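Numbering (full-length UniProt numbering), first residue to last: 1 to 108.
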């Protein structure tokens, strides 16, 4: 009763999304703008170009990728044993690095 005497309202401005399922449950007496759910993305800072293939990786990352490839190559050479398998293993690794289809008949 105190609020009725002092004429305090139970209404206040609020920033709420008014969604269709909420309209069925709640009584919104007045709204200025319908809000919708949306996703926003920041504008890309770098322009797409041919350099986009390697630009996301820093020099430290490329510095770690190169020794990793070399170490894997050496380990595969040691595991394979004879010289023919060394040749097959090395050509297979280089074909994979250069995205070349490796012929199946070379694999022993």
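We put the CB at the ideal spot given by N, CA and C, even for glycine. This one's a predicted model, so the numbers in the text were calculated from it and none came from an experiment.
Exercise. Taking the alpha helix (DSSP H) that residue 59 falls in, what are its first and last residues?
Worked result: DSSP places residue 59 in the uninterrupted alpha helix (DSSP H) bounded by 59-80.
For this session: Please classify residue 25: does DSSP put it in a helix, a strand, or coil?
Result: Secondary structure of residue 25 (DSSP, three-state): helix.
Exercise. Taking DSSP as the reference, what is the three-state secondary structure of residue 6?
Worked result: Three-state result, residue 6: coil.
For this session: Report the rounded CA-to-CA distance for residue 64 versus residue 85, giving the unit in angstroms.
Result: Rounded to the nearest angstrom, the two C-alpha atoms are 27 Å apart.
For this session: Taking residue 88 and residue 77 to be in contact with their CB atoms under 8 Å, please state how far apart those CB atoms are, rounded to whole angstroms.
Result: Between residue 88 and residue 77, the beta carbon gap of about 11 Å keeps them out of contact (Cβ cut-off 8 Å).
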